[in-house]
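Asker:
Chains as they are written, first to last, in the working numbering: chain A, 1 to 254; chain B, 255 to 355.
1) Can you have a look at residue 38/A and say buried or exposed, based on whether 16 or more other CB atoms are within 10 angstroms of its CB?
2) Grab me the residues of residue 251/A's own chain with a C-beta within less than 6 Å of its C-beta, minus the 5 sequence neighbours each way, in chain order.
3) Could you tell me which chain A residues have their CB closer than 7 Å to the CB of residue 326/B, listed as they occur along the chain?
4) Since residue 28/A and residue 350/B should fall inside the 8 Å C-beta cutoff, what is the C-beta to C-beta distance between them, to a whole number of angstroms?
5) Within 10 angstroms of the Cβ of residue 67/A, are there 16 or more other Cβ atoms? Answer buried if so, exposed if not.
6) Under a three-way DSSP split, which group does residue 200/A fall into?
7) Residues of chain A with a CB under 7 Å from the CB of residue 284/B: which are they?
8) Relative to the alpha-carbon of residue 221/A, which residue among 248/A, 124/A, 14/A has its alpha-carbon at the smallest distance?
9) Taking the DSSP output, what are the residues bridged to residue 343/B?
10) Output yes if chain B places a C-beta closer than 8 Å to the C-beta of residue 74/A; else output no.
11) According to a CB-to-CB cut-off of less than 8 Å, which residues of the stretch 161–183 of chain A neighbour chain B?
12) Distance, Cα to Cα, residue 59/A vs residue 166/A?
13) Pair every Cβ in the stretch 319–332 of chain B with every Cβ in the stretch 299–308 of chain B, then say whether three or more of these pairs are closer than 8 Å.
14) Please report whether the beta-carbon of residue 338/B lies at a distance below 8 Å from any beta-carbon of chain A.
15) What number of angstroms, rounded off, separates the C-alpha of residue 105/A from the C-alpha of residue 44/A?
16) Would a check of beta-carbon distances place residue 306/B closer than 8 Å to chain A?
17) Along chain B, in chain order, which residues have C-beta atoms closer than 7 Å to that of residue 146/A?
18) Grouping DSSP H, G and I as helix and E and B as strand, with all else coil, what is residue 91/A?
19) Drop a sphere of 10 angstroms on the beta-carbon of residue 122/A, count the other beta-carbons inside from all chains shown, and report buried for 16 or more, exposed for fewer.
20) Can the beta-carbon of residue 87/A be found less than 8 Å from the beta-carbon of residue 61/A?
21) Could you please give the first and the last residue of the uninterrupted alpha helix (DSSP H) stretch that includes residue 110/A?
22) Which of the residues in the stretch 285–305 of chain B, read from start to end, lie with their CB under 8 Å from any CB of chain A?
23) Starting from the beta carbon of residue 310/B, find every residue of chain A whose beta carbon is closer than 9 Å, and list them in chain order.
24) Verify whether the separation of the beta carbon atoms of residue 186/A and residue 154/A is less than 8 Å.
25) Around the C-beta of residue 64/A, are 16 or more other C-beta atoms found within 10 angstroms, so that it is buried, or is it exposed?
26) Use the C-beta contact count for residue 89/A: other C-beta atoms within 10 angstroms, 16 or more gives buried, fewer gives exposed.
27) Write down the C-beta distance between residue 333/B and residue 294/B rounded to the nearest angstrom, noting that I regard them as a contact closer than 8 Å.
28) Of the residues 174/A, 71/A, 23/A, 110/A, which one's Cα is nearest the Cα of residue 139/A?
29) Does any residue of chain A bring its CB to less than 8 Å from the CB of residue 342/B?
30) Do residue 110/A and residue 54/A come within 8 Å of each other at the CB atom, strictly closer than that value?
31) Run through chain B and tell me which residues come within less than 9 Å of residue 207/A, C-beta to C-beta.
32) At 7 Å on the CB atoms, spell out the chain B contacts of residue 20/A, in chain order.
33) For chain A, is any of its Cβ atoms less than 8 Å away from the one on residue 317/B?
Laid out in structure tokens, this is it:
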């Protein structure tokens with residue numbers, strides 16, 4: 001049988017299940033402690049390269065902690081059991097991401113990660129996190145899913161992919177595992193919102209306003225992330241092209 | 255297109271040309287449970303030539319594969335990102351997938 005022959009409801013029940021998640025992550029993470037092969041050697045980094053990587057990883061920790069806190073809050077707001085179960089898997093994914101980035105920081109000699117993250121966190125990302133958690137605290141499912149699973153996940157996906165293409169082998173493997181997880185999160189967000197907007201097209205205007213509010217924070221976060229990666233303006237991959245395609249498909253363009 | 259060894263021609267009952275069918279091999283895509291892995295593969299970018307049984311998921315950029323040659327109107331599922339799609343033909347004849355919610 002092909003997956004394409006599944007009944008629509010069966011498809012959603014299957015891909016949002018804990019069973020599906022467990023078998024999927026076992027496939028690409030099962031033999032990778034902290035997200036990478038155990039025998040990958042520590043790369044030689046000079047002081048500047050190490051410092052830039054520490055700053056970048058600290059900001060990844062900010063993003064992952066935001067997603068961990070937000071997705072755990074969203075479990076309570078989920079509209080049905082399948083979505084609730086899926087979000088529980090996302091909570092586990094986000095906790096793992098935070099853990100592998102903290103572990104990588106420890107490998108780079110950071111002994112007080114909390115203080116280091118606080119010191120190096122970029123203001124745009126902190127402002128985004130604060131706004132996301134306010135949506136969750138207000139019980140606003142649509143805005144929170146949009147902010148987290150469409151905006152934040154798209155941003156992370158773009159930056160992580162690019163970073164993986166230029167990173168040292170150890171960081172690269174960690175990032176590739178995270179990107180594989182992000183596919184599920186991105187897809188959940190877009191598809192959940194897409195179904196809702198198809199039923200309630202009047203909500204599109206409100207979400208477009210949320211988008212307009214978040215966009216400057218997203219762009220600022222992108223810019224700051226690329227600066228931390230040491231990229232000149234001409235070398236930066238197109239800012240959020242996938243994010244823009246996603247909001248276009250959802251009809252959230254201005 | 256990585257394998258897509260042409261195996262059979264499936265008779266069409268609606269007067270349309272018969273569809274080719276393909277044997278799918280596992281290409282090492284690990285992000286779904288084992289039984290579904292051969293239906294997906296990593297996309298190699300714009301230079302990656304797709305088979306007549308393949309389309310790229312616009313949401314997560316994974317190649318979605320089928321045993322059958324794909325045609326406009328076919329429904330396909332992207333398990334890695336949980337998206338449902340319909341196959342459409344572009345004016346230049348290329349097949350693409352459009353997300354349906």
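Glycine included, every Cβ here is placed at the ideal spot set by N, Cα and C.
Answerer: Concretely, from the data shown:
1) exposed
2) These residues qualify, in order along the chain: 204.
3) The contacting residues do not exist; residue 326/B stays about 15 Å from chain A at best.
4) Residue 28/A to residue 350/B, Cβ: 27 Å. No contact.
5) buried
6) coil
7) 27, 28
8) 124/A
9) 349/B
10) no
11) 180, 183
12) 17 Å
13) yes
14) yes
15) Using only the alpha carbons, I get a separation of about 15 Å.
16) Chain A, which has no Cβ nearer than 8 Å to the Cβ of residue 306/B, makes this no.
17) What residue 146/A touches in chain B: nothing, since even the nearest Cβ is about 14 Å away.
18) helix
19) buried
20) no
21) Premise fails: residue 110/A is in no alpha helix (DSSP H) and is neither H nor E.
22) The residues in question are 285, 286, 287, 288, 290, 291, 293.
23) Correct list: empty, because the minimum Cβ distance to chain A is about 12 Å.
24) yes
25) buried
26) With 16 or more neighbouring CB atoms inside 10 Å of its own CB, residue 89/A falls in the buried class.
27) At roughly 7 Å, the Cβ-Cβ gap stays under 8 Å, so residue 333/B and residue 294/B are in contact.
28) 71/A
29) no
30) yes
31) Neighbours of residue 207/A on chain B: none; closest Cβ ~14 Å, over 9 Å.
32) 287
33) Not one beta carbon of chain A lies nearer than 8 Å to the beta carbon of residue 317/B.
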